[in-house]
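Asks: Chains as they are written, first to last, in my numbering: chain G, 1 to 263; chain S, 1001 to 1250.
(1) Are the segment 245-257 of chain G and the segment 1227-1246 of chain S touching, with three or more C-beta to C-beta distances below 8 Å?
(2) Which of helix, strand or coil does DSSP assign to residue 202/G?
(3) Taking its Cβ as the centre, do 16 or more other Cβ atoms sit within 10 Å of residue 1193/S, making it buried, or is it exposed?
(4) Comparing the C-beta of residue 230/G with each C-beta of chain S, is any distance below 9 Å?
(5) Measure from the alpha carbon of residue 1009/S to the alpha carbon of each residue in 1099/S, 1095/S and 1132/S, then state which is nearest.
(6) From the DSSP secondary-structure annotation, give me the bridge partner or partners of residue 1036/S.
(7) When you compare each of 1243/S, 1234/S, 1242/S and 1248/S to residue 259/G by their alpha carbons, which one comes out closest?
(8) Quick one: using the 10 Å Cβ neighbour count with 16 as the cut-off for buried, is residue 106/G buried or exposed?
(9) Taking all protein chains shown into account, do 16 or more other C-beta atoms lie within 10 angstroms of the C-beta of residue 1093/S, making it buried, or fewer, making it exposed?
(10) Quick one: grab the DSSP three-state call for residue 1195/S.
(11) Does the segment 1136-1153 of chain S come into contact with the segment 211-230 of chain G, if we say contact requires no fewer than three beta-carbon pairs (one atom in each stretch) closer than 8 Å?
(12) Between 1065/S, 1207/S, 1090/S and 1040/S, which has its C-alpha nearest residue 1105/S's C-alpha?
(13) If you draw a straight line from the C-alpha of residue 210/G to the C-alpha of residue 202/G, how long is it?
(14) Check this for me: beta carbons of residue 1228/S and residue 1059/S, under 9 Å apart or not?
(15) Look up residue 36/G in the DSSP assignment and say whether it is helix, strand or coil.
(16) Distance cutoff 9 Å, beta carbons only. Does residue 1241/S sit that close to anything in chain G?
(17) Our contact map puts residue 25/G next to residue 236/G with C-beta atoms below 8 Å; I'd like the distance itself, whole angstroms only.
(18) At a CB distance below 8 Å, what residues from the segment 235-259 of chain G approach chain S? Give them in sequence order.
(19) So which residues of chain S does residue 222/G contact, with C-beta pairs closer than 9 Å?
(20) The beta strand (DSSP E) that contains residue 70/G, what's its start and end?
(21) Just to confirm the assignment, what range does the beta strand (DSSP E) spanning residue 1054/S have?
(22) Measure the CB-CB distance between residue 1049/S and residue 1035/S and report whether it falls below 9 Å.
(23) Any beta-carbon of chain S closer than 9 Å to the one on residue 181/G?
(24) Evaluate contact between the segment 1211-1226 of chain S and the segment 1162-1179 of chain S, counting only Cβ atoms and requiring at least three cross-stretch pairs below 8 Å.
(25) For the candidate residues 1156/S, 1245/S, 1195/S and 1215/S, whose alpha-carbon lies nearest to that of residue 1095/S?
(26) Excluding the 5 residues flanking residue 1067/S on each side, which residues of the same chain have their C-beta closer than 8 Å to its C-beta?
(27) Is the separation between the beta-carbon of residue 249/G and that of residue 174/G shorter than 9 Å?
(28) Under the three-state reduction of DSSP, which class applies to residue 172/G: helix, strand or coil?
(29) If you scan the segment 1143-1210 of chain S from start to end, which runs of the beta strand (DSSP E) of 3 or more residues do you find wholly inside it?
(30) Restricting to Cα atoms, I'd like to know which of 90/G, 213/G and 16/G is closest to residue 73/G.
(31) Have a look at residue 1043/S and residue 1065/S and give me their C-alpha separation to the nearest angstrom.
(32) Could you give the first and the last residue of the continuous alpha helix (DSSP H) run that contains residue 13/G?
(33) Could you pull out every residue in the same chain whose Cβ sits closer than 6 Å to the Cβ of residue 196/G, ignoring the five residues on either side in sequence?
(34) When the distance is taken between beta carbons, is residue 149/G closer than 9 Å to residue 217/G?
(35) Quick check on DSSP: helix, strand or coil for residue 1031/S?
(36) Could you tell me if residue 1205/S is buried or exposed, where buried requires 16 or more neighbouring beta carbons within 10 angstroms of its beta carbon?
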């Protein structure tokens, strides 16, 4: 089998504004081969439990690779704590996924979570990301050029204005997509590839659809279903693996076509 | 580990698969699990390839398209993946010298052919969904020239590649009703007969590309396999740019 999409030996860091969502991505990246996945979140999360015994033991193995770091990514102190804790444990980080999506009515808090935090964290982790691109300093995966990867996650509200007046949320989502392009141009000189993913309506956070409206909402999606874990994990894995090495500033929309239709 | 990028057992059709990006991705599809790949091309392939069937066809005419699809139908009941890749470019030294023939050929092959080839393949693609209960995939190879402008006076090329992206968005909304998912890829500078600059002056071309190199077979394979496999099932009508960052600095 081709190793193009492998995440073997990679160390990843996920930032997360919503408990649950980051853990879902972390679980997926660990399943795809990542060596360790750090989740930066305010609150700890209980690992998922399933009924099937065999599946549960596999899941337990996966969760051994996931490490929670409790911190507030919206403050400089919180980000410093995150950096210190990780740099004490890891000589380098291969993959940074900024998936802190927070939705509320307050302008400042939303901008802090969705725009300021990802930008500041990307800047702060530059040394650790850079270290991953040099096989001598970082984890030696192969002799060929290794690229560090930064992937910023937003929602379709950043592409098409939603029906509700969530100005801060939709603006911050559009903003992070644009910031990704600027970072892509600036960071490629350090052998770090920056890209972004926009997600549509999912059966989980961040854009969780109320079960009561689920049928009605699903009918409006061209793909006639909500997104699920595999859809987002696959997009991140593509960009984070060697397969996505040429995707500098690339923006992938994973929304079942919902942003293509009017209204 | 579960492999969501696997193309095991898939049968694919690639137009223009004998050279350039087409040749790279035919190899990539086979390398990532496809059982059989059909290369529909006007040019004979240079090398012998296992699991690849070459069908010679003139895709500029509807007769040529029909003939090619009939030949596929002789051996296949359904097709899982179609890559509309065949394309040409043609420029003039100046605006005044750009000819009607340059426009017609380029716009026909780059825009009309993907539309009618997909239309004629519709039955085979729909059958794949009905049989396997998984989406069949159509991937249109556009270009970053469909998004931004370079200095060549290739009016037909730029316009047709932009048109193809918009057509992809519209067609995808219709085709998804039959379990067919359509997307587009915009490659940057990949060495080929069409991009001789990238092929013959790789070093000079690389200086213009933020990542500092021209595209590799793995780069284009990664994008096609992502969209063609289960991994890309929720991506629809989208444009995937694979260009080493060129489009962001133009």
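Don't be surprised by glycine CBs; every beta carbon is placed ideally from N, CA and C.
As the structure is a computational prediction, the values presented were derived from the model and not from experiment.
Replies: With the given structure in hand:
(1) yes
(2) Locating residue 202/G in the first chain gives position 202, where the first residue counts as 1. In this structure, residue 202/G counts as strand in the three-state DSSP scheme.
(3) Here residue 1193/S is taken as the residue at index 193 of the second chain, counted from 1. Looking at its Cβ environment, which holds fewer than 16 other Cβ atoms inside 10 Å, residue 1193/S is exposed.
(4) Sequence index remark: in the first chain, residue 230/G carries index 230 (1-based). Chain S, which has a Cβ nearer than 9 Å to the Cβ of residue 230/G, makes this yes.
(5) As a working note, residue 1009/S is residue 9 in the second chain. Answer by Cα proximity: 1132/S.
(6) For the purposes of this step, residue 1036/S is taken as residue 36 along the second chain, with counting starting at 1. 1011/S.
(7) The residue given as residue 259/G occupies position 259 in the first chain. Residue 1234/S is the option with its Cα nearest to residue 259/G.
(8) Translated into the one-based positions of the first chain, residue 106/G becomes position 106. Exposed, because fewer than 16 other Cβ atoms sit within 10 Å of the Cβ of residue 106/G.
(9) To locate residue 1093/S, count along the second chain from 1; it is residue 93. With fewer than 16 Cβ atoms within 10 Å of its Cβ, residue 1093/S is classed as exposed.
(10) For the purposes of this step, residue 1195/S is taken as residue 195 along the second chain, with counting starting at 1. In the three-state reduction of the DSSP assignment, residue 1195/S falls in the coil class.
(11) no
(12) The sequence position of residue 1105/S within the second chain is 105, counting from 1. Ranking the options by Cα distance to residue 1105/S, first place goes to 1090/S.
(13) The sequence position of residue 210/G within the first chain is 210, counting from 1. The sequence position of residue 202/G within the first chain is 202, counting from 1. If you take the alpha carbons of residue 210/G and residue 202/G, they lie about 10 Å apart.
(14) The residue you call residue 1228/S lines up with position 228 of the second chain. The residue you call residue 1059/S lines up with position 59 of the second chain. Taking 9 Å as the Cβ cut-off, residue 1228/S and residue 1059/S do not qualify as a contacting pair.
(15) Taking the first chain and counting its residues from 1, one reaches residue 36/G at position 36. Strand, per DSSP.
(16) Counted from its first residue, the second chain places residue 1241/S at position 241. Chain G places a beta carbon closer than 9 Å to that of residue 1241/S, counting this residue as a contact.
(17) On the first chain, position 25 is the one that residue 25/G refers to. On the first chain, position 236 is the one that residue 236/G refers to. About 7 Å separates the two Cβ atoms, so the contact holds.
(18) Those would be 235, 237, 238, 241, 242, 243, 244, 245, 246, 247, 248, 249, 250, 251, 252, 253, 254, 255, 256 and 257, in chain order.
(19) For the purposes of this step, residue 222/G is taken as residue 222 along the first chain, with counting starting at 1. Within 9 Å Cβ-Cβ: 1172, 1173, 1176, 1177, 1236 and 1237.
(20) Position 70 of the first chain, counted from the start, is the residue given in the question as residue 70/G. 66-70 is the extent of the beta strand (DSSP E) around residue 70/G.
(21) Here residue 1054/S refers to the residue found at position 54 of the second chain. Segment 1052-1056, the beta strand (DSSP E) holding residue 1054/S.
(22) For the purposes of this step, residue 1049/S is taken as the residue at position 49 of the second chain. For the purposes of this step, residue 1035/S is taken as the residue at position 35 of the second chain. The answer is no: Cβ separation not under 9 Å.
(23) Within the first chain, the letter at position 181 stands for residue 181/G. Yes, because at least one Cβ of chain S sits closer than 9 Å to the Cβ of residue 181/G.
(24) Too few Cβ pairs lie closer than 8 Å, so no.
(25) Counted from its first residue, the second chain places residue 1095/S at position 95. Nearest C-alpha to residue 1095/S: 1156/S.
(26) One-based indexing of the second chain puts residue 1067/S at position 67. The residues are 1057.
(27) Start at 1 with the first residue of the first chain, and residue 249/G comes out as number 249. Start at 1 with the first residue of the first chain, and residue 174/G comes out as number 174. No.
(28) Along the first chain, read from residue 1 onward, the residue named residue 172/G stands at position 172. In the structure shown, residue 172/G sits in a helix (DSSP, three-state: H, G or I).
(29) 1180-1187
(30) Numbered from its first residue, the first chain carries residue 73/G at position 73. Cα-wise, what sits closest to residue 73/G is 16/G.
(31) The residue you call residue 1043/S lines up with position 43 of the second chain. The residue you call residue 1065/S lines up with position 65 of the second chain. Rounded to whole angstroms, residue 1043/S to residue 1065/S spans 15 Å at the Cα level.
(32) Residue numbering aside, residue 13/G sits at position 13 when the first chain is read from its first letter. For residue 13/G, no alpha helix (DSSP H) segment is defined; the enclosing uninterrupted segment is the beta strand (DSSP E) at 11-16.
(33) Start at 1 with the first residue of the first chain, and residue 196/G comes out as number 196. These residues qualify, in order along the chain: 152, 177, 180 and 251.
(34) Here residue 217/G corresponds to residue number 217 of the first chain, with the count starting at 1. Here residue 149/G corresponds to residue number 149 of the first chain, with the count starting at 1. Cβ distance not < 9 Å, so residue 217/G and residue 149/G don't count as in contact.
(35) Position 31 of the second chain holds residue 1031/S. Residue 1031/S: helix per DSSP, three-state reduction.
(36) Along the second chain, one-based indexing puts residue 1205/S at 205. Taking all protein chains in view, the Cβ of residue 1205/S is crowded by 16 or more other Cβ atoms within 10 Å, so the residue is classified as buried.
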